[in-house]
Ligand code: 13P
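Numbering (our numbering), first residue to last: 68 to 327.
Now the structure itself:
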């Protein structure tokens with residue numbers, strides 16, 4: 068189970084470092100409490116060295132929220148994959164709906180970034196998800212299939228641990244209303260079958276499929292209990308250690324129930 072925080076454009080660097088420190092401290096004081104749960108935080112670029120440093124003695128992985136498709140060059144304000152790996156960043160969120168909406172990122176743009184991430188051994192967390200309008204028109208499945216196909220076109224993945232997918236219905240992000248567990252499962256099953264066609268069951272079955280969109284401690288159990296939901300990509304609830312760990316506690320319960 069992968070519990071990932073997307074901090075988006077929140078916290079300043081001292082606050083981000085302090086949040087990372089609280090996470091590291093809690094895991095070091097109760098290491099057995101979260102067996103089977105992998106943690107990841109994705110702070111803003113400028114926080115990365117401080118957060119990596121605060122988490123250095125912990126098992127928490129660190130990711131960025133975007134990357135440029137080129138190694139270097141005249142791209143004012145952009146951040147490259149070599150820059151990310153130089154600060155020991157292991158993951159990168161790509162194709163988030165906020166990037167698609169505010170920066171007009173297309174599946175082709177995301178595809179170029181996914182290729183670049185893989186070329187530099189970064190694990191892409193590829194985000195897909197339909198808008199409310201698309202869902203109401205009955206197009207949710209075809210939209211998500213098209214996004215998966217477009218973003219992964221020509222990307223070869225040989226090990227499950229080299230890719231993460233996140234299903235984030237746009238209508239559930241930041242609204243306080245998550246998708247119903249069955250609704251989310253239905254879309255995760257679509258993504259899993261697409262990945263199976265693309266990479267074979269051996270790889271596809273192990274690729275973590277995260278749900279994102281108003282995941283909170285009170286709704287995490289139902290979502291994480293679904294067979295094709297392997298974790299969460301958590302926005303606002305990842306900004307406080309209590310709610311972040313509250314979701315992780317639900318993940319542990321689900322793991323225990325599944326094992327029983
Ligand atoms: P919220 O959890 O704040 O809805 O954000 C979800 C998200 O966009 C994670 O990438």
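Beta carbons are placed, not taken as given, at the ideal position from N, Cα and C, and that holds for glycine.
As the structure is a computational prediction, the values presented were derived from the model and not from experiment.
- Measuring C-alpha to C-alpha distances from residue 111 to each of 180, 92, 145 identifies 145 as the nearest.
- Straight across, the Cα-Cα distance linking residue 282 with residue 265 is about 29 Å.
- Around residue 280, the same chain offers 235, 236, 239, 240, 245, 246 as residues with beta carbons nearer than 7 Å, after the five sequence neighbours per side are excluded.
- Distance between residue 210 and residue 262, taken at the CA atoms: about 15 Å.
- For the options 259, 133, 275, the alpha carbon positioned closest to that of residue 268 is the one of 259.
- At a Cβ-Cβ threshold of 7 Å, residue 193 and residue 151 do not count as neighbours.
- With respect to the C-alpha of residue 311, the residue from 285, 179, 295, 253 having the closest C-alpha is 285.
- For residue 192, the shortest separation between its Cβ and any heavy atom of the ligand 13P does not lie below 6 Å.
- According to the DSSP secondary-structure assignment, residue 106 is paired through a beta bridge with 70.
- Chain order is used for the residues whose beta-carbon lies nearer than 6 Å to a heavy atom of the ligand 13P, namely 73, 163, 235, 240, 241, 279, 280, 281, 282, 300, 301, 302, 303, 304.
- Going by beta carbons, residue 71 and residue 300 fall inside the 7 Å limit.
- Excluding its 5 nearest sequence neighbours in each direction, residue 180 has C-beta neighbours in its own chain below 7 Å: 134, 136, 161, listed in chain order.
- If only complete runs of 3 or more residues are kept, the stretch 209-236 shows the beta strand (DSSP E) at 231-234, in order along the chain.
- At a cut-off of 3 residues, the continuous stretches assigned as beta strand (DSSP E) that sit fully inside the stretch 131-169 are 158-161.
- Partner residues in the beta bridge of residue 300, as assigned by DSSP, are 71.
- The C-alpha of residue 322 lies about 15 Å from the C-alpha of residue 313.
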